[in-house]
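Participant: Numbering (our numbering), first residue to last: 265 to 381. Glycine residues also receive a C-beta, built at the ideal position from the N, C-alpha and C atoms.
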Amino acid sequence: MSAKSWLSKVGEDFKKGLDDILPYAETSGEVAVDLFAPALGPIFKTTVTAAVTAEKNFAAVGKQGGTGASKLAAVTQVVGGLIKQGLADAGKANDNAAVQNYINSVVAILNAAPAKA
265 MSAKSWLSKV
275 GEDFKKGLDD
285 ILPYAETSGE
295 VAVDLFAPAL
305 GPIFKTTVTA
315 AVTAEKNFAA
325 VGKQGGTGAS
335 KLAAVTQVVG
345 GLIKQGLADA
355 GKANDNAAVQ
365 NYINSVVAIL
375 NAAPAKA
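1. Closest to T311 by C-alpha separation, out of A324, A323 and G345, would be which residue?
2. In angstroms, rounded to a whole number, what distance separates the CA positions of I373 and N365?
3. Can you check the region 313-379 for any alpha helix (DSSP H) of at least 4 residues that lies completely inside it and give the ranges in chain order?
4. What number of angstroms, rounded off, separates the C-alpha of K356 from the C-alpha of Q328?
5. A376: buried (16+ other C-beta within 10 angstroms of its C-beta) or exposed?
6. Excluding five sequence neighbours on each side, which residues of the same chain lie with their C-beta closer than 8 Å to the C-beta of A352?
7. Look at the alpha carbon of K348 and the alpha carbon of A333, and state the distance between them as a whole number of angstroms.
8. Using the beta-carbon count (16 or more within 10 Å), is K335 buried or exposed?
Set out below in structure tokens:
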């Protein structure tokens, strides 16, 4: 599967299951963050909100597929500075790559949450 096809599939799946999985992903993700990195908890929820907003914005204009880099840029623009500071406060690396990795990790949690039957 090509990267473009994979990104399109991720965007489609994310759009279809967003309303069903978000409560589960937020809850389970928040629990995991609270257990393993409590200083990052508020940033996690803010990042989830920014990722969901970006996904909805791209879906609203019919561009949910193949726009992973654009969505990442949109989320980074909104919450990148907050994430950078939060990572620094937690004693973690806080360069641009670390911020992007953090955002991608939050999105991976959202994508991994099972959708309701």
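Facilitator: In terms of the structure at hand:
1. Cα-wise, what sits closest to T311 is G345.
2. Straight-line Cα distance between these residues: approximately 12 Å.
3. Correct list: 332-353 and 360-376.
4. Each residue's Cα considered, the two are about 31 Å apart.
5. Flag for A376 reads exposed.
6. The beta carbon of A352 sits closer than 8 Å to those of N358, all from its chain and outside the five residues before and after it, given in chain order.
7. Per the coordinates, the alpha-carbon of K348 lies some 19 Å from the alpha-carbon of A333.
8. Counting other Cβ atoms within 10 Å of its Cβ, K335 reaches 16 or more and is therefore classed as buried.
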